[in-house]
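In my numbering, the protein residues as written are 642 to 982.
Glycine is no exception: its CB is placed at the ideal position from the N, C-alpha and C atoms.
What follows is one structure encoded as structure tokens, with my remarks underneath.
Listed below in structure tokens is the structure:
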């Protein structure tokens with residue numbers, strides 16, 4: 642099987658901030674077939690479905706930016722940059738129609754919305770929200786920390802680690818504006834919401850991973866808001882190693898499994914999703930390095946990006962277990978894995 646994917650991460654200007662890889666699982670090979678060196682610290686990136694445009698958040702001193710690139714023969718050329726209004730743009734995402742891009746600013750606790758052209762070009766910033774407040778932990782939660790934003794079309798979810806809340810907005814697609822609701826999701830003090838995932842065949846369900854507690858919240862829309870129907874840990878009950886912070890959460894392509902990465906335990910937790918949407922206790926496999934900030938699932942393959950050790954490792958998902966394929970590469974400080982579309 643031959644697959645291609647992108648890896649982005651922390652890098653200085655002139656270094657490889659985004660790398661395009663091709664793997665061949667039959668030959669057990671991984672080849673670098675393109676890279677981007679003209680951007681500083683592209684810690685998160687996302688491809689446009691047209692296959693010609695990719696976007697990244699650029700994290701540097703001062704105001705962060707979102708950057709668009711045009712891909713031509715494995716080369717990437719910057720086609721646009723817009724300021725996010727905050728510092729440390731740690732996550733970006735597209736709406737389902739690819740008409741808007743969302744950027745979460747971690748350090749300053751804000752959320753920016755940008756409109757896109759039909760060709761994927763960056764047009765303008767249509768909205769900006771600066772959050773105020775703090776959480777229970779005086780060190781990690783001294784202020785808002787936006788970590789993630791996801792638009793489902795008419796709704797936008799924004800995870801605020803600093804205030805233990807997932808902000809839930811209605812979204813005006815005509816104006817690109819966020820509209821406040823009374824459906825915000827609050828978690829236990831000190832848990833620190835990080836990322837969430839939506840199941841394709843369980844309508845109304847959200848699966849939220851909290852970074853600081855390593856807890857998966859299974860949430861269901863009851864018509865008036867979201868109720869917690871299950872909480873379950875992403876690390877073993879008897880774990881007593883280095884401090885663990887959970888990171889990424891994604892479903893397998895068939896939706897039967899939910900995967901979460903753990904930094905500290907340095908593992909990928911794989912949960913079986915039951916018919917009613919709840920989760921069975923996880924099976925744990927090594928991430929193949931230290932600090933798995935992200936991973937992605939491509940069919941039965943799982944690619945991990947271990948930020949601290951610099952490893953990109955390819956696994957085969959066998960039931961609830963990750964089997965090492967022997968395919969790996971060093972990618973500097975990788976923090977995001979995305980498919981080539």
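Pick helix, strand or coil for residue i, following the three-state DSSP scheme.
i	result
residue 920	strand
residue 963	strand
residue 864	coil
residue 882	coil
residue 692	coil
residue 948	coil
residue 802	helix
residue 686	strand
residue 941	coil
residue 786	coil
residue 827	strand
residue 887	strand
residue 759	coil
residue 815	coil
residue 700	coil
residue 1041	Because the chain spans 642 through 982 in this model, residue 1041 falls outside it and cannot be assessed.
residue 643	strand
residue 716	strand
residue 724	strand
residue 968	strand
residue 753	strand
residue 649	strand
residue 779	coil
residue 820	strand
residue 876	coil
residue 666	coil
Suppose you measure from the CA of residue i to the CA of residue j; what does that come to, to the nearest Å?
i	j	result
residue 796	residue 845	12 Å
residue 874	residue 907	15 Å
residue 976	residue 916	32 Å
residue 710	residue 726	20 Å
residue 880	residue 856	14 Å
residue 954	residue 817	38 Å
residue 821	residue 965	45 Å
residue 893	residue 919	15 Å
residue 782	residue 666	43 Å
residue 755	residue 707	9 Å
residue 789	residue 801	8 Å
residue 713	residue 753	28 Å
residue 949	residue 864	42 Å
residue 733	residue 668	34 Å
residue 705	residue 843	36 Å
residue 963	residue 765	42 Å
residue 644	residue 651	24 Å
residue 646	residue 682	18 Å
residue 958	residue 805	32 Å
residue 685	residue 648	9 Å
residue 945	residue 825	31 Å
residue 678	residue 656	5 Å
residue 728	residue 876	31 Å
residue 659	residue 757	22 Å
residue 904	residue 931	7 Å
residue 695	residue 730	16 Å
residue 952	residue 909	14 Å
By a C-beta neighbour count over all protein chains shown, 10 Å radius and 16 as the cutoff for buried, is residue i buried or exposed?
i	result
residue 700	buried
residue 833	buried
residue 814	exposed
residue 745	buried
residue 674	exposed
residue 736	buried
residue 933	buried
residue 759	exposed
residue 886	buried
residue 690	exposed
residue 928	buried
residue 716	exposed
residue 719	exposed
Assuming residue i is part of the beta strand (DSSP E), what are its boundary residues?
i	result
residue 657	Note, residue 657: premise wrong, no beta strand (DSSP E); not H, not E.
residue 899	898 to 904
residue 734	730 to 735
residue 741	741 to 746
residue 975	974 to 980
residue 738	Counting along the chain, residue 738 falls outside any beta strand (DSSP E), and DSSP gives it neither H nor E.
residue 675	670 to 677
residue 653	First-last for residue 653: undefined, no H or E at that position.
residue 706	706 to 713
residue 908	908 to 913
residue 834	834 to 839
residue 850	846 to 851
Considering only heavy atoms of the ligand GDP, does any lie closer than 7 Å to the CB of residue i?
i	result
residue 867	Among the ligands in the structure shown, none appear at all, so the ligand GDP cannot be discussed.
Exercise for review: Take every Cβ of the stretch 917 to 933, pair it with every Cβ of the stretch 886 to 905, and state whether three or more of those distances are shorter than 8 Å.
Suggested key: Under the three-pair Cβ rule at 8 Å, the stretch 917 to 933 counts as touching the stretch 886 to 905.
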